[in-house]
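Heads up, the thing below is written out as structure tokens.
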Amino acid sequence: MIETRGLRKSFRSRAGRETKTVEAVRGVDLDVPAGEIFGFLGPNGAGKTTTLRMLATLIEPDGGQATIAGADLLKDPGEVRRRIGYVAQGGSTWDESTGREELVLQARMYGIRKTEAQRRAARALEAFQLVEFADRKCKTYSGGQRRRVEIALGIIHEPKIVFLDEPTTGLDPQSRAHMWDEIRRLRADGMTVFITTHYLDEADALCDRIAIMDHGEVVAEGTPADLKREISGDVVQVGLDVTATGEAEKLLDGEEYVNRLELLDEGGLRLFVDEGATAIPRILRRVDAAGLDLRSIELHRPSLDDVFLTKTGRSLRES
Amino acid sequence: MKLARDTWLIFQRQLNLLLRNPVWVFVGVFQPVMYLLLFAPLLKPALGAPTQAEAYKIFVPGLLVLLAIFGGLFQGFGLIAELRAGVIERSRVTPVSRLALLLGRSLRDVVSLMTQAVIITLLALLFDLRVFIGDLLLAYLMLALIALMTSAVSYGVALKVKSEDALAPLMNTVAQPVLLLSGILLPLAFAPGWLQGVAKWNPFSWAVDGTRALFNGDIGDDRVWQGLTIIAILAAAGVYWAARQFARSVR
Numbered sequence: 001m002i003e004t005r006g007l008r009k010s011f012r013s014r015a016g017r018e019t020k021t022v023e024a025v026r027g028v029d030l031d032v033p034a035g036e037i038f039g040f041l042g043p044n045g046a047g048k049t050t051t052l053r054m055l056a057t058l059i060e061p062d063g064g065q066a067t068i069a070g071a072d073l074l075k076d077p078g079e080v081r082r083r084i085g086y087v088a089q090g091g092s093t094w095d096e097s098t099g100r101e102e103l104v105l106q107a108r109m110y111g112i113r114k115t116e117a118q119r120r121a122a123r124a125l126e127a128f129q130l131v132e133f134a135d136r137k138c139k140t141y142s143g144g145q146r147r148r149v150e151i152a153l154g155i156i157h158e159p160k161i162v163f164l165d166e167p168t169t170g171l172d173p174q175s176r177a178h179m180w181d182e183i184r185r186l187r188a189d190g191m192t193v194f195i196t197t198h199y200l201d202e203a204d205a206l207c208d209r210i211a212i213m214d215h216g217e218v219v220a221e222g223t224p225a226d227l228k229r230e231i232s233g234d235v236v237q238v239g240l241d242v243t244a245t246g247e248a249e250k251l252l253d254g255e256e257y258v259n260r261l262e263l264l265d266e267g268g269l270r271l272f273v274d275e276g277a278t279a280i281p282r283i284l285r286r287v288d289a290a291g292l293d294l295r296s297i298e299l300h301r302p303s304l305d306d307v308f309l310t311k312t313g314r315s316l317r318e319s
Numbered sequence: 001m002k003l004a005r006d007t008w009l010i011f012q013r014q015l016n017l018l019l020r021n022p023v024w025v026f027v028g029v030f031q032p033v034m035y036l037l038l039f040a041p042l043l044k045p046a047l048g049a050p051t052q053a054e055a056y057k058i059f060v061p062g063l064l065v066l067l068a069i070f071g072g073l074f075q076g077f078g079l080i081a082e083l084r085a086g087v088i089e090r091s092r093v094t095p096v097s098r099l100a101l102l103l104g105r106s107l108r109d110v111v112s113l114m115t116q117a118v119i120i121t122l123l124a125l126l127f128d129l130r131v132f133i134g135d136l137l138l139a140y141l142m143l144a145l146i147a148l149m150t151s152a153v154s155y156g157v158a159l160k161v162k163s164e165d166a167l168a169p170l171m172n173t174v175a176q177p178v179l180l181l182s183g184i185l186l187p188l189a190f191a192p193g194w195l196q197g198v199a200k201w202n203p204f205s206w207a208v209d210g211t212r213a214l215f216n217g218d219i220g221d222d223r224v225w226q227g228l229t230i231i232a233i234l235a236a237a238g239v240y241w242a243a244r245q246f247a248r249s250v251r
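Here it is in structure tokens:
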């Protein structure tokens with residue numbers, strides 16, 4: 001559905017008298033099959049939004065190729081526009097218009113006739129649970145309501161693909177969960193959804209596949225599960241008294257299933273193992289046999305943050 | 001035809017939003033009416049005009065051109081608000097005609113200027129201004145072209161600078177010499193030779209001369225077709241340039 005090869009974009013920025021060229025996107029290859037929720041992940045400034053805006057025909061790439069829903073991005077951006085929907089990060093509704101007016105206008109900008117546009121607007125208002133606010137001005141909407149109108153605007157012409165730029169940024173947890181459901185519903189309707197996010201839990205919970213972008217390049221791509229499997233196995237954290245920690249270390253350090261072991265400052269150990277589920281009973285048996293008091297035991301599966309850390313050398317949360 | 005349809009669509013939307021806020025009618029008419037009531041009476045003695053009606057014949061066309069210039073030049077502010085709200089970007093991902101994005105807005109501005117012009121003309125009629133309807137319609141065409149040009153240029157500049165802080169001083173800097181060099185408030189006939197020479201290079205000075213000739217009933221005066229031609233060419237150029245700003249990709 002989306003296929004890009006070597007997509008590039010650089011910007012010139014002027015600082016004082018010097019002009020500096022910033023390579024925002026340096027050769028992105030993506031393959032997004034139809035019917036997926038594809039997550040585009042990365043810290044701010046990684047080039048996510050620039051890539052997205054290129055795919056949505058808003059900025060012209062400096063080089064590379066892309067085919068979107070069967071249309072060539074560089075040769076026929078007009079046809080790409082007809083086939084895609086795009087929902088910007090910063091909002092797109094006008095304070096003084098009503099949700100219904102915005103929806104009708106949007107449909108008509110896609111060349112849809114007036115009566116059909118009105119019908120579609122009514123249907124979208126219902127689907128996004130906006131009926132009771134439909135004829136109020138957008139400035140009276142809550143953040144979540146406004147976001148729903150904007151998503152509805154992006155898909156009013158029934159595109160094959162919709163691009164959502166950070167669809168849940170700034171929403172409260174409840175609206176966020178609600179938005180996830182809406183996005184899954186788009187997929188269920190047969191749409192390909194391309195979202196950018198810097199929330200790892202969102203990418204993990206929502207996306208069929210993700211690409212991680214850093215410094216203008218895709219550094220990893222795959223299903224969240226694959227990516228997590230790729231990096232080290234599980235982490236078992238054992239809580240012990242400080243006094244017992246040393247002894248436990250001696251007990252467990254030599255075990256063949258423990259790849260690596262760290263001491264915790266507050267007492268206890270962190271054990272890096274391949275498979276947490278089989279390691280835990282064996283750890284328990286050893287600790288119990290030695291008569292040590294166990295305070296807690298926790299299993300950590302690797303998170304996308306760990307994937308990110310491995311691939312980029314820093315934590316997404318820090319950046 | 002797609003362009004006409006898209007233009008109509010944008011025009012309707014912009015007009016609806018304007019009508020929702022009727023304060024503009026009051027604001028837009030209040031100032032020119034003040035000029036008409038408080039400034040124009042000075043003109044008869046100052047210009048040595050034989051009657052008040054003669055003075056209005058000189059002053060009203062100038063006032064209307066002034067409105068067209070200023071009404072247009074400051075439309076860019078609304079566009080910057082739309083840019084910030086993401087409305088322009090939302091339009092630009094649709095296949096809607098980029099020329100229509102501009103024309104729909106500029107035509108709304110032309111219509112709103114025409115409304116003001118009609119109100120002011122009617123008021124001036126009360127003060128014994130007399131003008132033939134044919135001449136008046138041609139004068140309105142001149143005003144419409146001026147407003148089309150200035151509003152298009154203002155939109156184009158707004159898309160380039162993207163900030164009110166830059167747009168306001170820029171437009172003021174352009175507007176002031178244009179105003180002073182066009183003989184709007186007082187005819188340039190009173191000006192020294194060098195000033196008249198400089199004013200020859202100001203297209204709006206030609207527009208004012210042409211409009212005055214029309215109000216004077218001299219439809220055959222060369223200044224009429226000259227003014228109309230100059231303004232029509234500039235309007236076309238302004239629209240072309242501004243539409244390209246709408247089509248160009250912005251960061």
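Chain order of the listed sequences is A and B. Okay, so the first sequence: first residue is 1 according to the UniProt record's numbering, each after it adds one. Okay, so the second sequence: first residue is 1 according to the UniProt record's numbering, each after it adds one. Cβ atoms here follow ideal geometry from the backbone N, Cα and C, with glycine treated the same way. Remember, it's a predicted structure, so these values are computed and weren't measured experimentally.
Please determine, among the options, the residue with the shortest C-alpha to C-alpha distance to residue i.
i                      : options                           : result
residue 323 of chain A : A:V242, A:S142 and A:R270         : Chain A is shown from 1 up to 319; residue 323 of chain A falls before or after that span and cannot be answered.
T98 of chain A         : B:N16, B:F190, B:A189 and B:L37   : B:N16
G168 of chain B        : B:L79, B:F127 and B:G210          : Correcting the residue identity first, residue 168 of chain B is Ala in this sequence and not Gly. Residue B:L79 is the option with its Cα nearest to A168 of chain B.
M179 of chain A        : A:Q145, A:I2 and A:L74            : A:Q145
D222 of chain B        : B:A232, B:W206, B:I233 and B:A236 : B:W206
A243 of chain B        : B:L3, B:L101, B:V198 and B:G183   : B:L101
A158 of chain B        : B:R92, B:F77 and B:A191           : B:F77
A85 of chain B         : A:P302, A:A279, A:R17 and A:R147  : A:R147
P203 of chain B        : B:L145, B:F11 and B:L103          : B:L145
A34 of chain A         : A:A134, A:H300 and A:V162         : A:V162
K137 of chain A        : A:D95, A:K114 and A:H215          : A:D95
M114 of chain B        : B:L36, B:L143, B:L186 and B:E89   : B:L143
Could you please give me the residues that DSSP links to residue i through a beta bridge?
i               : result
L41 of chain A  : A:T197 and A:I212
G239 of chain A : A:S296
Q65 of chain A  : A:R5
V28 of chain A  : A:L7
I84 of chain A  : A:I161
L271 of chain A : A:V236 and A:L261
T98 of chain A  : A:K137
G222 of chain A : A:I210
T192 of chain A : A:I161
E217 of chain A : A:D214
By a C-beta neighbour count over all protein chains shown, 10 Å radius and 16 as the cutoff for buried, is residue i buried or exposed?
i                      : result
R251 of chain B        : Residue placement at R251 of chain B cannot be trusted, given a pLDDT of 42 that sits under 50; what the coordinates show is reported in the next sentence. With fewer than 16 other Cβ atoms within 10 Å, it is exposed.
D157 of chain A        : Here residue 157 of chain A is His; the residue named in the question, Asp, does not match the sequence. Buried: at least 16 other Cβ atoms inside 10 Å.
Y86 of chain A         : buried
A40 of chain B         : buried
Q106 of chain A        : buried
Q174 of chain A        : exposed
I233 of chain B        : exposed
Y110 of chain A        : buried
S13 of chain A         : exposed
Q75 of chain B         : buried
V239 of chain B        : buried
E230 of chain A        : exposed
Q116 of chain B        : buried
Q176 of chain B        : exposed
D165 of chain A        : buried
Q129 of chain A        : exposed
A289 of chain A        : exposed
residue 285 of chain B : Outside the modelled stretch of chain B, which goes from 1 to 251, sits residue 285 of chain B, for which no answer is possible.
Does residue i come out as helix, strand or coil in the three-state DSSP assignment?
i               : result
N216 of chain B : coil
I297 of chain A : strand
M1 of chain A   : coil
Y141 of chain A : coil
S10 of chain A  : strand
F163 of chain A : strand
L73 of chain A  : coil
E23 of chain A  : strand
R148 of chain A : helix
G276 of chain A : helix
S151 of chain B : helix
Q89 of chain A  : coil
Checklist entry - Is the region 54-74 of chain B touching the region 287-294 of chain A, taking contact as three or more C-beta pairs under 8 Å? => result no
Item to check | Three-pair Cβ contact test at 8 Å for the region 206-216 of chain A versus the region 32-47 of chain A | outcome: yes
Item to check | Validate contact between the region 273-285 of chain A and the region 247-264 of chain A using beta carbons, cut 8 Å, 3 pairs | outcome: yes
Checklist entry - Would you call the region 76-94 of chain A and the region 23-33 of chain A in contact, with 3 or more CB pairs under 8 Å? => result no
Checklist entry - Is the region 132-142 of chain B touching the region 210-228 of chain B, taking contact as three or more C-beta pairs under 8 Å? => result yes
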